[in-house]
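Protein chains in written order, with my numbering: chain A, 717 to 1073; chain B, 717 to 1073. Idealized CB from N, CA, C, for every residue including glycine. Structure first, commentary second.
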DNA sequence: AGGGGAATTTGAACCGATACAAGCAATGAG
DNA sequence: CTCATTGCTTGTATCGGTTCAAATTCCCCT
């Protein structure tokens, strides 16, 4: 036998000789019950070792949990290890603290468990961190019929509440920075336009992208390049999977093949940019003297890389705060929020070396 | 009006012309219900927009939440901003991932809200992060009558399940390192022995400490100093509040007053040690050439400070994993677990400058 | 003493599910 | 043809509370 059955409110009520309703009031609205009755009930409760109503019961009746779930298709430790996630969670925490609400972390790298965890999470709403498997995440969450907002979700779907950044504008501005420095030979390390493809992209493939952020960033880059009189059809664009392997493959194609090479590399993520810097320095190519490199996202590591990375910084904490606000304030807010990004110019960019100098 | 009342299992059952029990089975043990019935129910559910049983209801019946709460008397963002907390949470996450359980973050800097949050958290157990206000936290949690384990709780209370480190041994070993280098003029930057007191401590105050970790570390230091033939009664020990202000005050007393000063500073926390290094360098005192400094805890920043900090490293992630295990495996485990620490020797310690050299 | 209004208390209905004993129908064995 | 089995299905109790209309009690006033 376990410790004998947990005693509950009705036990206390019976033992104190009052109705369950009154006992409930003793704990929830003590003012409305006569002091002597209250004390009697409290005494009995203490004697029986009863310490307040079980939240599980209250919950069912109340409906409100006072906690929101943050879900992602990664292991739980992602929330504490990943720099992006940490800043985001910090923003979320801040906003939630103001409301006195809690956070439930919902996650699993394994799809089956993820589904179950989302289905059974006890929360009032979800914030989805769609770094990976975003569509699946949205699909699963939609079934819960709770308010939710998606972050970093790469789609145009207007039926989903989401917070994003102005990809086009961010891309446009960083490309502008690059051409303003005088670069004309530019290559792009893109993220994926469609699944499972890497390598050089032809211009007409851009409009068939299924990932809208990739597409918009590309368009942003091209807008600035065109404005500078560069023939964008001739600009090499390589799709990568945002990992070292595919980035290196793209770099090999760009640098090993021909006599000339780009003087500036525009990467669509800081991660890719940092891989690129590493690869270049490994080859004795100086950054930014020989080749300038820019990223996108503004992860904290970019500030400490060597050289520090010029990039487009997302307002990550602000996104977190806004997400909480959208959940808690209900559907009164616009379904799609687009935040402005900031251009962060550090030391990975410089004017191109003058020929023959 | 809101969206019309959420439809529930009994609605589906009624609409499908089956009993609620059968409807429940369709979702929980589909194998045992005849395929045609199952399909009928599923069809009705889809039609009515019912997507699976509400976890709130299930919860009450099942009793198990499949999530554990991590509580601390700090704002929520503490979990993501503080380096110690992050490593700990990472360890907790790892262990929880294996069990497929979730995490609820329970916290609030405000005592009243903290109490409420702990009382109403929907969890199977708690891990208490007792950095601050540990006793209050324990008191609050005990009332929930759920399994819990306290981390960094500074007490000898044997009735509380807790995970700690061997403070005495860690202290002994780092002090040994210091005397082995040849230091004889040593000062200690202590944490608090009792509340609300800072400044120099007399030897006899040590045994009246209410904080056992502080006391044990001090005893550990003294054990090594005594073994090296140093008169511990003459060793200056300053209580600080682990903040810049009280650390600086102690340093002023140590370095500004007299002609001689210690050649080694033993701080009881990395935080205090890092403040000390900053203060010393601000005065043009070279670390470790003029003064060696050691810390305690092994926070990640210590590895990147200038110079990198010699310290006692706590097995933080291991503590997190163990905590989860203790909660999930029930009371079968020993109530008090003491983990070994590791001596991390970096560049903030060196032999003392030879006089007149 | 009687009446009216305020202050408490009661009892039962819910909240949304799961579990389990008991019922029923179909199949197989004897 | 009857009795067991097997395989679903049903009905109802239970999980642990909160809520609210109705009933009761209390207090004060005329």
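Does the distance from the CB of residue i to the CB of residue j come in under 9 Å?
{"i": "residue 863 of chain B", "j": "residue 903 of chain B", "result": "no"}
{"i": "residue 809 of chain B", "j": "residue 792 of chain A", "result": "yes"}
{"i": "residue 823 of chain B", "j": "residue 820 of chain A", "result": "no"}
{"i": "residue 889 of chain A", "j": "residue 936 of chain A", "result": "yes"}
{"i": "residue 1076 of chain B", "j": "residue 881 of chain B", "result": "Absent from the model: residue 1076 of chain B. The displayed extent of chain B is 717 to 1073, so no value can be given."}
{"i": "residue 1025 of chain B", "j": "residue 1064 of chain B", "result": "yes"}
{"i": "residue 724 of chain A", "j": "residue 765 of chain A", "result": "no"}
{"i": "residue 870 of chain B", "j": "residue 927 of chain B", "result": "yes"}
{"i": "residue 1040 of chain B", "j": "residue 815 of chain B", "result": "yes"}
{"i": "residue 1043 of chain A", "j": "residue 847 of chain A", "result": "no"}
{"i": "residue 769 of chain A", "j": "residue 743 of chain A", "result": "yes"}
{"i": "residue 749 of chain A", "j": "residue 729 of chain A", "result": "no"}
{"i": "residue 868 of chain A", "j": "residue 914 of chain A", "result": "no"}
{"i": "residue 856 of chain B", "j": "residue 775 of chain A", "result": "no"}
{"i": "residue 1003 of chain A", "j": "residue 971 of chain A", "result": "no"}
{"i": "residue 828 of chain B", "j": "residue 1051 of chain B", "result": "no"}
CB of residue i to nearest heavy atom of the ligand NAP: below 8 Å?
{"i": "residue 806 of chain A", "result": "Here there are no bound small molecules, and the ligand NAP is not part of this structure."}
Residue i lies in the alpha helix (DSSP H); which residues open and close that run?
{"i": "residue 997 of chain B", "result": "986-998"}
{"i": "residue 1037 of chain A", "result": "1032-1044"}
{"i": "residue 785 of chain B", "result": "Careful: residue 785 of chain B lies outside any alpha helix (DSSP H), inside the beta strand (DSSP E) at 783-788."}
{"i": "residue 823 of chain A", "result": "Here residue 823 of chain A belongs to no alpha helix (DSSP H); instead the beta strand (DSSP E) covers 818-823."}
{"i": "residue 807 of chain B", "result": "799-815"}
{"i": "residue 834 of chain A", "result": "827-836"}
{"i": "residue 983 of chain A", "result": "No alpha helix (DSSP H) holds residue 983 of chain A; the beta strand (DSSP E) holding it covers 980-983."}
{"i": "residue 1018 of chain A", "result": "1017-1020"}
{"i": "residue 904 of chain A", "result": "Run containing residue 904 of chain A: none in the alpha helix (DSSP H); it sits in the beta strand (DSSP E), 902-906."}
{"i": "residue 736 of chain A", "result": "736-744"}
Comparing alpha-carbon positions, which option in the options lies nearest residue i?
{"i": "residue 929 of chain A", "options": "A:948, A:789, A:906", "result": "A:906"}
{"i": "residue 831 of chain B", "options": "B:880, B:875, B:794, B:852", "result": "B:852"}
{"i": "residue 800 of chain A", "options": "A:845, A:783, A:963, A:757", "result": "A:845"}
{"i": "residue 1035 of chain B", "options": "B:1051, B:857, B:804", "result": "B:804"}
{"i": "residue 1037 of chain B", "options": "B:858, B:728, B:813, B:771", "result": "B:813"}
{"i": "residue 916 of chain A", "options": "A:944, A:955, A:737", "result": "A:955"}
{"i": "residue 1005 of chain B", "options": "B:988, B:1018, B:1028, B:978", "result": "B:978"}
{"i": "residue 1032 of chain B", "options": "B:884, B:827, B:1061, B:1055", "result": "B:1055"}
{"i": "residue 901 of chain A", "options": "A:994, A:770, A:980", "result": "A:980"}
{"i": "residue 887 of chain A", "options": "A:1067, A:1070, A:1060", "result": "A:1060"}
{"i": "residue 780 of chain A", "options": "B:837, B:796, B:761", "result": "B:837"}
{"i": "residue 1018 of chain A", "options": "A:732, A:989, A:921, A:898", "result": "A:989"}
{"i": "residue 879 of chain A", "options": "A:866, A:873, A:885", "result": "A:866"}
{"i": "residue 752 of chain B", "options": "B:733, B:770, B:963, B:767", "result": "B:733"}
{"i": "residue 949 of chain A", "options": "A:1022, A:957, A:918, A:966", "result": "A:918"}
{"i": "residue 993 of chain B", "options": "B:923, B:967, B:976", "result": "B:967"}
{"i": "residue 944 of chain A", "options": "A:897, A:920, A:934, A:913", "result": "A:897"}
{"i": "residue 761 of chain A", "options": "A:874, A:747, A:1046, A:727", "result": "A:727"}
{"i": "residue 884 of chain B", "options": "B:1007, B:931, B:775", "result": "B:931"}
{"i": "residue 995 of chain A", "options": "A:963, A:1021, A:976", "result": "A:963"}
{"i": "residue 817 of chain A", "options": "B:811, B:817, B:834, B:807", "result": "B:834"}
{"i": "residue 1142 of chain B", "options": "B:1007, B:840, B:802, B:972", "result": "What the structure shows of chain B is the stretch from 717 to 1073, and residue 1142 of chain B is not part of that stretch, so it cannot be assessed."}
{"i": "residue 698 of chain A", "options": "B:872, B:731, B:722, B:861", "result": "Since the first residue shown for chain A is 717 and the last is 1073, residue 698 of chain A is missing from the structure and cannot be characterised."}
{"i": "residue 1058 of chain B", "options": "B:1068, B:1051, B:1028, B:1070", "result": "B:1028"}
Quick check on the DSSP output: the beta strand (DSSP E) that includes residue i runs from which residue to which?
{"i": "residue 1029 of chain A", "result": "1027-1029"}
{"i": "residue 1060 of chain A", "result": "1058-1060"}
{"i": "residue 844 of chain B", "result": "842-845"}
{"i": "residue 1009 of chain B", "result": "1008-1010"}
{"i": "residue 768 of chain A", "result": "Premise fails: residue 768 of chain A is in no beta strand (DSSP E) and is neither H nor E."}
{"i": "residue 1052 of chain A", "result": "1052-1055"}
query: Any chance the region 1007-1023 of chain A sits against the region 982-990 of chain A, with 3 or more Cβ pairs inside 8 Å?
result: yes
message: Taking 8 Å as the cut-off, does the region 933-941 of chain B touch the region 892-906 of chain B (at least 3 CB pairs, one atom from each stretch)?
response: yes
query: Of the residues that make up the region 785-796 of chain A, which ones have a beta carbon closer than 9 Å to any beta carbon in chain B?
result: 785, 791, 792, 793, 794, 795, 796
query: Between the region 781-797 of chain A and the region 775-792 of chain B, do three or more beta carbon pairs fall short of 8 Å?
result: no
The region 861-877 of chain B: positions lying closer than 9 Å to chain A by Cβ: 861
- prompt: Of all the residues that make up the region 766-784 of chain B, which are near chain A by a beta-carbon distance shorter than 8 Å?
  reply: 767, 768, 771, 772, 773, 774, 775, 776, 779, 781, 782, 783
query: Quick one, which residues of the region 743-768 of chain B are near chain A if we go by CB-CB under 7 Å, in chain order?
result: 767, 768
- prompt: Listed from N- to C-terminal order along the chain, which residues in the region 1041-1066 of chain A have their beta-carbon within a distance smaller than 8 Å of any beta-carbon of chain B?
  reply: none
- prompt: Looking at chain B, which residues of the region 892-923 of chain A have a Cβ within less than 7 Å of any of its Cβ atoms?
  reply: none
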